[in-house]
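**Student:** According to the working numbering, the sequence shown holds residues 16 to 139 in order.
For each residue, glycine too, the CB sits at the ideal point set by N, CA and C.
A quick note: this is a predicted structure, and the numbers were derived from the prediction, not measured.
What follows is a single structure, and I will ask about it in a moment.
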Amino acid sequence: MKLGIALSTLAAVIVAAIGLALAGGVGGGGGSAPAAGGAAEMTTKVTVQDFNFEPPAIQVKAGSKVTFTNKDSAVHTATSEQEGLFDSDDLEQGKPRSVSFDKPGTFAYFCVYHATMKGEVVVK
């Protein structure tokens, strides 16, 4: 009898985990939060560590936010290579900043203090 209960509990856990994975509730680079107007807004995370953007290239849906979190002791930025499109301002250690991407396109960015640090956001 105990074996039957254990198997049915295990089956329920597996079904729940599969359901969460298919719904995007587990992993996948960030969660979602309601945006103004009731639509869901996705947030993708980029970590700045060891003078690199990780991951260096990401793909997001239009209307998404990308949150940059600096784990280095040095100050960095995430600044669009095309002047005036976006700039995170100074990313101090442990103080995340977000940038919204509303229109499709490919957006290259870099750190103004460390020009070899480069990344790319592709918006679909």
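For residue 59, is the classification buried or exposed, using 16 other Cβ atoms within 10 angstroms of its Cβ as the cut-off for buried?
**Tutor:** Looking at its Cβ environment, which holds 16 or more other Cβ atoms inside 10 Å, residue 59 is buried.
**Student:** Taking the beta carbon of residue 134 as the centre, do at least 16 other beta carbons fall within 10 Å, making it buried, or is it exposed?
**Tutor:** With 16 or more other Cβ atoms within 10 Å, it is buried.
**Student:** Between the C-alpha atoms of residue 66 and residue 107, what's the straight-line distance to the nearest angstrom?
**Tutor:** Taking the straight line joining both Cα atoms gives about 13 Å.
**Student:** Report all residues from its chain with a CB closer than 6 Å to the CB of residue 73; omit the five preceding and five following residues, and keep chain order.
**Tutor:** Within the same chain, residue 73 has close Cβ partners 59, 136.
**Student:** According to DSSP, simplified to helix, strand and coil, what is residue 133?
**Tutor:** Strand at residue 133.
**Student:** Take residue 84 and list the residues in its own chain whose beta-carbon comes closer than 6 Å to its own, dropping the five residues that flank it on each side.
**Tutor:** Counting only Cβ-Cβ distances below 6 Å, and skipping sequence neighbours, we find 62, 111.
**Student:** When DSSP labels each residue in this structure, what does residue 100 get in the three-state scheme?
**Tutor:** Residue 100: coil per DSSP, three-state reduction.
**Student:** Please confirm whether residue 130 has its beta-carbon closer than 8 Å to some beta-carbon of chain D.
**Tutor:** Included in the structure is just one protein chain, with no chain D present.
**Student:** What are the uninterrupted segments assigned as beta strand (DSSP E) that are 3 or more residues long and contained completely in the stretch 52–123, given in chain order?
**Tutor:** The stretch 52–123 contains these whole beta strand (DSSP E) runs: 55–64, 67–69, 72–75, 79–85, 112–116.
**Student:** Do you know whose CA, among 119, 57, 129, lies nearest residue 82's CA?
**Tutor:** The option with the nearest alpha carbon to residue 82 is 57.
**Student:** Which term fits residue 92, buried or exposed, when burial requires 16 or more other beta carbons within 10 angstroms of its beta carbon?
**Tutor:** Counting Cβ neighbours within 10 Å, residue 92 comes out buried, since at least 16 surround it.
**Student:** Give the DSSP-derived three-state secondary structure of residue 138 in the structure shown.
**Tutor:** Residue 138 falls in the strand class under three-state DSSP.
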